[in-house]
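Written out below as structure tokens is the structure these notes cover.
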Amino acid sequence: MTELSLRSITKRFGRMTAVEDVTLDIPDGTFVCLLGPSGCGKTTLLRLLAGLEVPSQGQVIVAGEDQTNVPSEEREFGMVFQSLALFPHLSVAENIAYPLTIRGRPKADVRARVEELLDLVQLSGLGDRRVHQLSGGQRQRVAIARGLTIDPKVFLLDEPLSALDANLREHMQVELRQLQQRLGVTTIVVTHDQKEALTMADMVIVMNEGRVQQIGSPMEIYRDPANAFVAGFIGTSNLLPCTLNDDRSIEVFGHRFEADAEDRIKGDPGSGLMLSVRPEDVRTEAQGTGPTAKVIFIRDLGESIQFVLDRDGHEITALYAPSARPDIRLDDEVGVSFAPGKRVVFPA
Ligand code: ATP
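FYI, the numbering for the sequence shown is 1 to 348, going by this note's numbering.
Here is the structure:
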């Protein structure tokens, strides 16, 4: 059963359209990341799901029922805001208990639930502390626990990890994912960090300028980007002008590459198209047969070596494992080729 669906959702603030004509289905138990640049409408979409905003057009369907006009407090969704919004004058336990206290649940039940949640987020024994006596990661866990207090149908989180330093953030990404898998709750996380999305999600929804650009698994989004925006936004991508011939061979800088059945072609034959290739799928050889480019930068990243090349003002990045390092140096003119089957062509 589909847990959550949006049907042609549009949200305008005055003349500004924050979310435009979004239709999607989120299956029960899925971990979704809403990903896109600042201002693309991620938070607005999350708030529409939560019932904190009413759409200008369209419907929000939860478990088969139209909930478009059901207020937030009746949706039984858990939420974690970017600011965490913890109450500084309450203890950790009181913060976690809050959603049940305001619903007037019996004290003994509330206490038992809080103990359960403290255990779940690995904060047992810290219930009496004040929020300011916790580390950033611990505060994050309190906010997550509080979002789960009512055993929500859907768990919504807006940039929950953005205030944490890089190491803790990575750790919490794994923790959040494991927690979600254990509980099986449909979870939607807003992030502008593509690595975070690829690490955690079953389903990534890429947005730009209020519109959904692509919905897919992390692998689909990375390997088969729907358009140049997604290719450029997710991971590093080389984007080069190309021409597509009728036999699906691809011409780049005057060199013709044979067609491969696995190449993803999203445009009609002609010029004015764009080739997208990941750095790990670019090959360079001193006496290569492809178009030539000049090595302008070499960077040793430890686990890989990056070569940046220039051809007519277009940058091409190639990535190699240290054991496969090609014998090329700075300022060399080298031949460039692109792994067959790993090439994506779309309209520019
Ligand atoms: P960020 O990553 O920076 O948080 P976002 O992708 O979450 O951005 P939104 O917060 O959804 O983006 O905003 C989308 C657009 O809608 C922005 O241009 C924003 O200025 C506008 N917007 C959001 N809320 C309101 C509001 N209450 N009134 C007017 N405009 C708004």
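Note that beta-carbon positions come from the ideal geometry of N, C-alpha and C, so glycine has one too.
Chain-order list of residues whose beta-carbon lies under 6 Å from that of residue i (same chain, five-residue window excluded)
i, result
"residue 271", "243"
"residue 97", "110 and 114"
"residue 339", "281"
"residue 185", "155"
"residue 59", "7, 66 and 68"
"residue 188", "32 and 156"
"residue 256", "249"
"residue 197", "33, 35, 191 and 204"
"residue 333", "292 and 294"
"residue 171", "none"
"residue 276", "231, 237, 239 and 344"
Unbroken beta strand (DSSP E) run spanning residue i, endpoints
i, result
"residue 251", "250-252"
"residue 163", "Run containing residue 163: none; DSSP gives neither H nor E here."
"residue 338", "333-338"
"residue 19", "16-27"
"residue 256", "255-257"
"residue 276", "270-277"
"residue 218", "Not the beta strand (DSSP E): residue 218 falls in the alpha helix (DSSP H), residues 218-223."
"residue 311", "305-311"
"residue 59", "57-62"
"residue 199", "Segment 194-200 is the alpha helix (DSSP H) holding residue 199; no beta strand (DSSP E) there."
"residue 120", "That residue, residue 120, is in no beta strand (DSSP E); its alpha helix (DSSP H) goes 107-120."
"residue 315", "314-320"
"residue 346", "344-347"
"residue 296", "292-300"
"residue 158", "154-158"
Residue i burial status per 10 Å Cβ neighbour count (16 or more: buried)
i, result
"residue 54", "exposed"
"residue 42", "buried"
"residue 361", "Because the chain spans 1 through 348 in this model, residue 361 falls outside it and cannot be assessed."
"residue 341", "exposed"
"residue 71", "exposed"
"residue 318", "buried"
"residue 200", "buried"
"residue 23", "exposed"
"residue 303", "exposed"
"residue 231", "buried"
"residue 238", "buried"
"residue 102", "exposed"
"residue 296", "exposed"
"residue 289", "exposed"
"residue 167", "exposed"
"residue 149", "buried"
"residue 14", "exposed"
"residue 325", "exposed"
"residue 236", "exposed"
"residue 169", "buried"
"residue 112", "exposed"
Heavy atom of the ligand ATP within 8 Å of residue i beta-carbon
i, result
"residue 13", "yes"
"residue 20", "no"
"residue 33", "no"
"residue 37", "yes"
"residue 40", "yes"
"residue 79", "no"
"residue 159", "yes"
"residue 349", "Lying outside 1 to 348, the shown extent of the chain, residue 349 is not represented and no answer is given."
"residue 70", "no"
"residue 192", "yes"
"residue 200", "no"
"residue 207", "yes"
"residue 16", "yes"
Residue i CB to nearest heavy atom of the ligand SAH below 8 Å
i, result
"residue 45", "Ligands displayed in this structure: the ligand ATP; the ligand SAH is not among them."
Alpha helix (DSSP H) segment containing residue i, residue limits
i, result
"residue 95", "92-101"
"residue 42", "42-50"
"residue 142", "136-148"
"residue 228", "228-233"
"residue 185", "Unbroken run through residue 185: none, as it is neither H nor E."
"residue 73", "72-75"
Residue-level contact to chain D via CB, residue i, 9 Å cutoff
i, result
"residue 210", "The question asks about chain D, but that chain is absent: this structure has only one protein chain."
Chain-order list of residues whose beta-carbon lies under 7 Å from that of residue i (same chain, five-residue window excluded)
i, result
"residue 321", "304"
"residue 210", "17, 18, 19, 20, 40 and 41"
"residue 331", "294 and 295"
"residue 226", "213 and 214"
Contact set for residue i: own chain, Cβ-Cβ below 8 Å, skip 5 residues either direction
i, result
"residue 379", "The requested residue 379 is not part of the displayed model; the chain covers only 1 to 348."
"residue 329", "295 and 298"
"residue 260", "340, 341 and 343"
"residue 264", "224, 343, 344 and 345"
"residue 144", "80, 121, 157, 160, 176 and 179"
"residue 139", "84, 86 and 131"
8 Å contact criterion, which residue i and residue j should meet: CB distance rounded
i, j, result
"residue 217", "residue 202", "7 Å"
"residue 312", "residue 253", "7 Å"
"residue 105", "residue 123", "With a Cβ gap of about 21 Å, residue 105 and residue 123 do not count as contacting."
"residue 46", "residue 92", "Actually they do not touch by this definition, with Cβ atoms about 25 Å apart."
"residue 136", "residue 108", "Going by Cβ atoms, the distance from residue 136 to residue 108 rounds to 32 Å, so no, they are not a contact pair."
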